[in-house]
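Chemist: Questions regarding the structure given below will be posed in turn.
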DNA sequence: GCAAAGTGATTGAGCGTTCAAGTACACTCG
DNA sequence: CGAGTGTACTTGAACGCTCAATCACTTTGC
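The structure is reproduced here in structure tokens:
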């Protein structure tokens, strides 16, 4: 017995798809246009920049950026080609690999950050009231942790 | 002067990314696994199935599924290869093209729908209270139409 | 009418993601 | 110890998406 969506739920679902796709698309376009990187790569650089020694195990980085290991591996390969990330073998576990943000990578991130933050505001925060932002936060936590 | 995100906003933003990526990923994986189509293709079939004569102009279809014309064109090419969609020239505007859902395509959609709706419920609606769902609807409208 | 500008749709190249498979190392336990 | 299982990461192929270019047709304005 399928629990079909009633008209209200349909409406929420379609608005959700439209809104999230719009946000995602604006961010990707802005970063690609102004900094030449996809949003997923920006997030990788950002997470590394916050880590101790700007370094993280690949698997830890993958979970922090909500990525599969395969995706992250391909992404780091690209970022390494550009000289923004360096991978070194892990000394305590020889299977592992440590990704480090280079100075060049940090500089790219710093240059990209202001435009990106503006895009995030324009796409998501500016259209919402403070109350809505608070509620959206609760809703996203519930969905994320379900 | 960059308006940086304060810690609360950061938290909302990261939860938003995690939640929306999770939903998107679950839907895509479920449809790909159980029906062999990406979510974007499912939406194309669904929109055509609701249209008069199961037919829409390509550009109308593109706006209904929040897609670029290029993306839709590629998608329809794939769907046509599988025999689920048929494209015919538009008689009133010879530049245009009409996409029609075939019976085979309709059958595929009908077979895929129950599993997809269940996935939507599990990923988005079940974790939320009715009140939260209502608020999410309002929030998404505001973001979509901003 | 007719050139110029605009619109509808397609195409191909480049790129990121996915999935399945593979490699290398670490752990477990008889 | 050493075989078996599990974990960390990488790789390659297939595929969808983006962007810019292109084609065909339509509309605009002189």
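Protein chains in written order, with my numbering: chain A, 1 to 146; chain B, 1001 to 1146. Quick reminder that beta carbons are idealized off the backbone N, C-alpha and C, glycines included. These figures come from a predicted structure and were not determined experimentally.
Rounded to a whole number of angstroms, what is the C-alpha to C-alpha distance between residue 22(A) and residue 50(A)?
Modeler: Start at 1 with the first residue of the first chain, and residue 22(A) comes out as number 22. Start at 1 with the first residue of the first chain, and residue 50(A) comes out as number 50. Taking the straight line from one Cα to the other gives about 28 Å.
Chemist: Going by the beta-carbon positions, is the gap between residue 71(A) and residue 96(A) smaller than 7 Å?
Modeler: For the purposes of this step, residue 71(A) is taken as the residue at position 71 of the first chain. For the purposes of this step, residue 96(A) is taken as the residue at position 96 of the first chain. Contact flag unset, no.
Chemist: Classify residue 98(A) as helix, strand or coil using the three-state DSSP reduction.
Modeler: Numbered from its first residue, the first chain carries residue 98(A) at position 98. It is a strand residue.
Chemist: For residue 129(A), does the three-state DSSP call read helix, strand or coil?
Modeler: Counting from one through the first chain, the residue named residue 129(A) turns up at place 129. Of the three classes helix, strand and coil, the one that applies to residue 129(A) here is coil, per DSSP.
Chemist: Let me check you understand the geometry: is the CB of residue 1133(B) closer than 6 Å to at least one non-hydrogen atom of the ligand SAM?
Modeler: The ligand SAM is absent from the structure shown, which contains no ligands of any kind.
Chemist: Going by the DSSP bridge assignment, what does residue 92(A) pair with across the sheet?
Modeler: Within the first chain, the letter at position 92 stands for residue 92(A). Residue 92(A) is not bridged to any residue.
Chemist: Quick one: is residue 1022(B) near chain A, going by C-beta distance under 7 Å?
Modeler: Mapped onto the second chain, residue 1022(B) falls at position 22. Output row for residue 1022(B): interface = yes.
Chemist: Report the option in 1015(B), 1014(B), 1017(B) and 1027(B) whose CA atom is closest to the CA atom of residue 1112(B).
Modeler: Reading the second chain from its first residue, position 112 is the one you call residue 1112(B). When each option's Cα is compared against that of residue 1112(B), the closest is 1027(B).
Chemist: For residue 1005(B), name the three-state secondary structure that DSSP assigns.
Modeler: Locating residue 1005(B) in the second chain gives position 5, counting from the first residue. It is coil, neither helix nor strand.
Chemist: So which residues on chain A does residue 1015(B) lean against when the C-beta distance must stay under 7 Å?
Modeler: Here residue 1015(B) is taken as the residue at index 15 of the second chain, counted from 1. Result: 137, 140, 141 and 144.
Chemist: Counting only Cβ pairs nearer than 9 Å, list the residues of chain B close to residue 133(A).
Modeler: For the purposes of this step, residue 133(A) is taken as the residue at position 133 of the first chain. The contacting residues are 1008, 1009, 1012 and 1139.
Chemist: Report the neighbours of residue 1018(B) on chain A: residues whose CB is nearer than 8 Å to its CB, in chain order.
Modeler: To locate residue 1018(B), count along the second chain from 1; it is residue 18. The contacting residues are 66, 140 and 144.
Chemist: Quick check on residue 87(A): does DSSP put it in helix, strand or coil?
Modeler: In the first chain, residue 87(A) corresponds to position 87, counting from 1. Three-state result, residue 87(A): strand.
Chemist: Could you please give me the residues that DSSP links to residue 56(A) through a beta bridge?
Modeler: On the first chain, position 56 is the one that residue 56(A) refers to. Per DSSP, 99(A).
Chemist: Is the Cβ of residue 56(A) closer than 7 Å to any Cβ of chain B?
Modeler: For the purposes of this step, residue 56(A) is taken as the residue at position 56 of the first chain. False, the Cβ-Cβ gap to chain B never drops below 7 Å.
Chemist: What is the DSSP secondary structure of residue 1082(B), counted as helix, strand or coil?
Modeler: Numbered from 1 along the second chain, position 82 holds the residue referred to as residue 1082(B). If DSSP states are grouped into helix, strand and coil, residue 1082(B) belongs with coil.
Chemist: So, at 6 Å on beta carbons, what are the nonlocal neighbours of residue 1037(B) in its own chain, with the 5 sequence-adjacent residues on each side left out?
Modeler: Position 37 of the second chain, counted from the start, is the residue given in the question as residue 1037(B). Contacts found: 1031.
Chemist: So with CB distances below 8 Å, who are the chain B contacts of residue 2(A)?
Modeler: Taking the first chain and counting its residues from 1, the one referred to as residue 2(A) is at position 2. Those are 1113, 1114, 1117 and 1118, listed as they occur along chain B.
Chemist: Identify which residue in 1121(B), 1017(B), 1044(B) and 1002(B) has its Cα closest to the Cα of residue 1102(B).
Modeler: Here residue 1102(B) refers to the residue found at position 102 when the second chain is read from its first residue. Closest option to residue 1102(B), Cα to Cα, is 1044(B).
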